[in-house]
Amino acid sequence: LVYNTWITLDLEGIMEILIVLPILAVSSVFTITIAAAESEPPHSSSLRVMAEAAIEDCYEDSAQSVKVQITDESFDEILKGSRTNLSHNAKCLRYCIMRKNGLLSVDNSIDEENILQIFEIIHPQIKKDSLLDVLHKCSRETDKQTDKY
């Protein structure tokens with residue numbers, strides 16, 4: 016009789032767990048979905064439109080035979096501000112966005128003057144000397160990347 020009671024209690028405990036598990040699973044998925052949605056920038060869709068406009072006339076090669084494509088992965092890399100281990104596509108996308116928005120000169124070097132003007136408007140608290148240091152470092156890195164392709 017005691018043995019049967021133990022089995023009954025154990026089965027009742029299992030039944031309670033089985034009832035609670037789907038609720039936990041659904042709430043976990045809901046929490047993850049909300050966290051993922053919150054990690055997306057508030058203007059993600061308008062940024063995507065801007066990125067798509069930037070690649071309209073952007074090619075990977077000087078012969079203009081390979082058009083730059085936008086992928087969800089490369090777009091996410093750009094949104095996250097990734098700087099290391101970027102995919103080839105993300106590098107191309109970043110180049111197209113920078114070129115379309117006047118951040119690159121005709122010779123594809125960083126347009127310091129234009130960037131300084133933009134930063135005076137959107138980030139006036141950043142000192143010009145600090146920004147120039149970053150731009151020079153960025154120019155050196157860009158030159159290294161250009162040499163690879």
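The opening position of the sequence shown corresponds to residue 16 in our numbering, with each subsequent residue numbered one higher. Glycine included, C-beta positions come from ideal geometry on N, C-alpha and C.
On the criterion of 16 or more Cβ atoms from any shown chain inside 10 Å, does residue i qualify as buried, or is it exposed?
i, result
"E92", "buried"
"A105", "buried"
"L136", "The amino acid at residue 136 is misidentified as Leu; the sequence shows Ile. I136 comes out exposed."
"I78", "According to the sequence provided, residue 78 is Ala. The question's Ile does not apply to it. Result: exposed."
"I141", "exposed"
Residues bridged to residue i by DSSP?
i, result
"I125", "L119"
"Y74", "K82"
Using the C-alpha atoms, what's the distance from residue j back to residue i?
i, j, result
"N100", "S154", "18 Å"
"S145", "L94", "23 Å"
"Q84", "L108", "8 Å"
"I70", "C111", "6 Å"
"I125", "I133", "13 Å"
"L150", "D158", "12 Å"
"E127", "M65", "22 Å"
"Y74", "N129", "23 Å"
"L62", "G117", "16 Å"
"S80", "D72", "11 Å"
Pop quiz: residue i and residue j are said to be a contact at Cβ under 8 Å. What is the actual Cβ separation, rounded to whole angstroms?
i, j, result
"S89", "S102", "6 Å"
"L131", "K115", "So it is not a contact: roughly 19 Å between Cβ atoms."
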